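Numbering (my numbering), first residue to last: 185 to 391.
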């Protein structure tokens with residue numbers, strides 16, 4: 185059974201981080217801003233099938249975002265003990281949560297345009313892209329002082345933000361990155377000096 189624990193720090197700096205995105209949910213398939221939706225049965229099955237692909241990460245310290253779909257993913261992947269970390273939470277989409285992008289664009293086209301072009305815009309009342317990047321940078325800095333190897337289950341928005349921060353790219357690059365469900369992204373290094381080793385590789389069952 186997966187045991188959830190609180191966040192902890194204070195160990196040697198540097199190391200390796202593997203980010204795993206949760207499987208697709210109903211919101212993913214209809215291009216909606218998610219609520220705290222659970223994994224569908226197919227998603228949980230896909231995660232269980234992909235678990236052997238992470239067999240080489242036995243020494244990693246597991247973390248995940250607080251969303252139900254992330255917690256269900258780590259359970260399906262077979263993690264024995266997991267730290268719940270708010271730094272890995274989905275971007276806060278405020279009043280847009282539960283609505284599709286098409287619905288929001290029809291009701292507030294100017295708001296969607298601002299959100300897609302201005303990293304400081306938060307027309308939904310939640311996080312702007314810059315807010316998300318700051319949160320993710322803080323998480324990376326904290327993780328650099330944690331376990332030598334970390335495996336974190338999170339959301340595509342968080343992985344995209346991690347890549348922007350790690351590469352020192354401008355905030356506009358956030359919209360140019362495609363991160364699919366149930367993929368892994370690897371980084372190594374330390375605070376302010378990360379190397380991207382693998383980007384959004386699909387987790388597949390081992391033959």
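Glycine included, each C-beta is placed from N, C-alpha and C at the ideal position.
Note that the structure is predicted; figures quoted are calculated from it, not measured.
| Item | Value |
| --- | --- |
| Between which residues of its own chain and residue 309 is the CB-CB distance below 7 Å, once the five residues before and five after are set aside? | 278, 279 |
| Just reading off the alpha helix (DSSP H) that residue 203 is part of, what are its end residues? | Where residue 203 is concerned, there is no enclosing alpha helix (DSSP H), although the beta strand (DSSP E) it sits in stretches over 199-205. |
| With H, G and I counted as helix, E and B as strand and the rest as coil, what does DSSP make of residue 219? | coil |
| Which of the three DSSP states is assigned to residue 257 in this structure? | helix |
| Taking residue 344 as the reference, give the member of 335, 235, 362, 287 with the closest Cα. | 362 |
| Please state whether DSSP places residue 265 in a helix, a strand or coil. | strand |
| Identify, in the order they occur along the chain, each residue of the same chain with its Cβ nearer than 7 Å to the Cβ of residue 230, setting aside the five sequence neighbours on each side. | 207, 366 |
| Helix, strand or coil for residue 324? Go by DSSP, reduced to three states. | helix |
| Near residue 260, which residues of its chain fall below 6 Å by C-beta distance, leaving aside the five closest residues on each side in sequence? | 228, 231, 232 |
| Does the stretch 344-360 come within contact of the stretch 368-384, defined as at least 3 CB pairs closer than 8 Å? | yes |
| Taking the straight line between their C-alpha atoms, what separation do you get for residue 225 and residue 251? | 17 Å |
| In the DSSP assignment, the beta strand (DSSP E) including residue 373 goes from what residue to what residue? | 367-374 |
| Among the candidates 342, 376, 354, 355, whose CA atom is the shortest distance from the CA of residue 202? | 342 |
| Enumerate in chain order the residues of its own chain whose CB-to-CB distance from residue 256 is below 7 Å, with the five nearest sequence positions on each side excluded. | 222, 223, 228 |
| Please determine if the stretch 319-335 and the stretch 293-307 are in contact, where contact requires at least 3 C-beta pairs separated by less than 8 Å. | no |
| On the premise that residue 387 lies in contact with residue 237, defined as a C-beta separation below 8 Å, what is that separation, rounded to the nearest angstrom? | 5 Å |
| Comparing C-alpha positions only, which one of 270, 275, 382 sits nearest to residue 168? | As shown, the chain starts at 185 and ends at 391. That puts residue 168 outside it, with no answer to give. |
| Restricting to runs no shorter than 4 residues, where is the alpha helix (DSSP H) found entirely within the stretch 265-299? | 285-291 |
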